[in-house]
Amino acid sequence: MNKIFKQIFTRFIEEFKEEKNKEHFNKEVLKPILQEFYNKIYPYVTIIFVMYGLNLILIITILIIILYSRKVK
Numbered sequence: 007m008n009k010i011f012k013q014i015f016t017r018f019i020e021e022f023k024e025e026k027n028k029e030h031f032n033k034e035v036l037k038p039i040l041q042e043f044y045n046k047i048y049p050y051v052t053i054i055f056v057m058y059g060l061n062l063i064l065i066i067t068i069l070i071i072i073l074y075s076r077k078v079k
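Its first residue numbered 7, the sequence shown is counted upward by one per residue in the working numbering.
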């Protein structure tokens, strides 16, 4: 069983080394998977960056208010 698996795996690697097969794999398998992943994760990444930006603005605003209130006293 192990020998058969090794032969199949070796044959698979040899076939995959050919440029034509790599292109076909990338075009038919890898790109659709990555595109689907990108389409599903993109809204969440956008929300995270927006929330990070709002937090940064809030922190800067609070820092300015604190510094201004100390100067007034």
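All C-beta atoms, glycine included, are put in the ideal place defined by N, C-alpha and C.
Put simply, the backbone Cα of L60 is about 12 Å away from that of T52. It is roughly 16 Å from the alpha-carbon of I65 to the alpha-carbon of I54. The DSSP assignment places 25-31 as complete runs of the alpha helix (DSSP H) inside the stretch 9-57, in order along the chain (cut-off: 4 residues). Straight across, the Cα-Cα distance linking H30 with T67 is about 53 Å.
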